[in-house]
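A.B. asks: In terms of this note's numbering, the sequence shown is residues 1248 to 1415. Think of the CB as a built atom: it goes at the ideal place given N, C-alpha and C, for glycine as much as any other residue. Every value quoted in this text rests on a predicted model; they were computed, and no experiment measured them.
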Amino acid sequence: MRIRVGCAGELGGLREIERAAGRWFGEIGMSEIADDEPPSLDELARYQRAGMLWVAVDGADRPVAYLLAEPVDGNLHVEQVSVHPDSARRGVGRALLDHLAAWGAAEGVPALTLTTFAEVPWNAPYYERCGFQRLAEDALTPGLREIRRQEAAHGLDRWPRVCMRRAL
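Now the structure itself:
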């Protein structure tokens, strides 16, 4: 498995990876999440230009998964991790997270953060196995509070959500 920075010409394919990965949410009664549009090409391009888009690629150098991150309150916030179902359960998501952790540590970043669904098996329980810990409400930074506010406005609080942190 090779991980590298994503290229501008791959952005459309990343949207398809997200659509495919999102179908799992439909299988557990979260059809609104399954049907939600992936990040736009403009949004993905913003991450790509900032150097905050990584892809895991197959032997033909085609992306099978991707990770978006952004600086939030001095940490690296994992905005999205999506793995195509054909490549799932092979450690691809964990490899992307570990890659970001190594990159962040080399840059002197103290932690990774993310927000996720608390009760979806491939969300909070999975991230706990990847070294993330749930944050209490009073431990949220201003940036994480703003992210949670935006998520609530988008309707994501219909299901329990949690903020998580992984020290580097």
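How many Å lie between V1330 and D1385 at the Cα?
C.D. replies: Numbered from its first residue, the sequence shown carries residue 1330 at position 83. Numbered from its first residue, the sequence shown carries residue 1385 at position 138. Whole-angstrom Cα-Cα distance: 32 angstroms.
A.B. asks: Just checking my contact of P1310 with V1302 at CB under 8 angstroms: how many whole Å lie between their CB atoms?
C.D. replies: Locating residue 1310 in the sequence shown gives position 63, where the first residue counts as 1. Locating residue 1302 in the sequence shown gives position 55, where the first residue counts as 1. That belief holds up - the Cβ atoms of P1310 and V1302 are roughly 4 angstroms apart, short of 8 angstroms.
A.B. asks: Roughly how many angstroms separate the alpha carbons of E1317 and L1323, rounded to a whole number?
C.D. replies: On the sequence shown, position 70 is the one that residue 1317 refers to. On the sequence shown, position 76 is the one that residue 1323 refers to. Each residue's Cα considered, the two are about 6 angstroms apart.
A.B. asks: Classify S1334: buried if its beta carbon has 16 or more other beta carbons within 10 angstroms, exposed otherwise.
C.D. replies: Numbered from its first residue, the sequence shown carries residue 1334 at position 87. Classification of S1334: buried, given that the 10 Å Cβ count is 16 or more.
A.B. asks: Go ahead and pull the three-state DSSP assignment for P1332.
C.D. replies: Indexing the sequence shown from 1 puts residue 1332 at position 85. Three-state DSSP puts P1332 in a helix.
A.B. asks: Give the straight-line distance between the Cα atoms of P1368 and C1410, rounded to the nearest whole angstrom.
C.D. replies: Position 121 of the sequence shown, counted from the first residue, corresponds to residue 1368. Position 163 of the sequence shown, counted from the first residue, corresponds to residue 1410. Rounded to whole angstroms, P1368 to C1410 spans 15 angstroms at the Cα level.
A.B. asks: Pick helix, strand or coil for L1382, following the three-state DSSP scheme.
C.D. replies: For the purposes of this step, residue 1382 is identified with residue 135 of the sequence shown, where counting begins at 1. If DSSP states are grouped into helix, strand and coil, L1382 belongs with coil.
A.B. asks: Between the beta-carbon of A1268 and the beta-carbon of P1372, is there less than 8 angstroms?
C.D. replies: Indexing the sequence shown from 1 puts residue 1268 at position 21. Indexing the sequence shown from 1 puts residue 1372 at position 125. Contact: no.
A.B. asks: Can you tell me where the alpha helix (DSSP H) holding A1348 begins and where it ends?
C.D. replies: Position 101 of the sequence shown, counted from the start, is the residue given in the question as residue 1348. Where A1348 is concerned, the enclosing alpha helix (DSSP H) stretches over V1339 to A1353.
A.B. asks: From the DSSP output, in three-state form, read off I1389 for me.
C.D. replies: Within the sequence shown, the letter at position 142 stands for residue 1389. As written in the sequence, residue 1389 is Pro, which differs from the Ile given in the question. Helix at P1389.
A.B. asks: Is it true that the CB of A1352 sits closer than 8 angstroms to the CB of L1415?
C.D. replies: For this step, residue 1415 is matched to residue 168 along the sequence shown. For this step, residue 1352 is matched to residue 105 along the sequence shown. Result yes, Cβ atoms of L1415 and A1352 sit closer than 8 angstroms.
A.B. asks: In the DSSP assignment, find the unbroken beta strand (DSSP E) run with L1300 in it and report its ends.
C.D. replies: For the purposes of this step, residue 1300 is taken as residue 53 along the sequence shown, with counting starting at 1. Looking at the DSSP string, the run of the beta strand (DSSP E) that includes L1300 is L1300 to V1304.
A.B. asks: Our contact map puts R1395 next to R1381 with C-beta atoms below 8 angstroms; I'd like the distance itself, whole angstroms only.
C.D. replies: Taking the first residue of the sequence shown as position 1, residue 1395 is located at position 148. Taking the first residue of the sequence shown as position 1, residue 1381 is located at position 134. The pair is not a contact, with the Cβ atoms about 13 angstroms apart (cut-off 8 angstroms).
A.B. asks: In or out: G1321 buried (at least 16 other Cβ within 10 Å) or exposed?
C.D. replies: Here residue 1321 refers to the residue found at position 74 of the sequence shown. Flag for G1321 reads exposed.
A.B. asks: So, with DSSP's three-state summary, where would you put R1309?
C.D. replies: In the sequence shown, counting from the first residue as 1, residue 1309 sits at position 62. R1309: coil per DSSP, three-state reduction.
A.B. asks: Grab the span of the alpha helix (DSSP H) containing R1262 for me, first residue to last.
C.D. replies: Within the sequence shown, numbered from 1, the residue matching residue 1262 stands at position 15. L1258 to E1274 is the span of the alpha helix (DSSP H), which, as asked, contains R1262.
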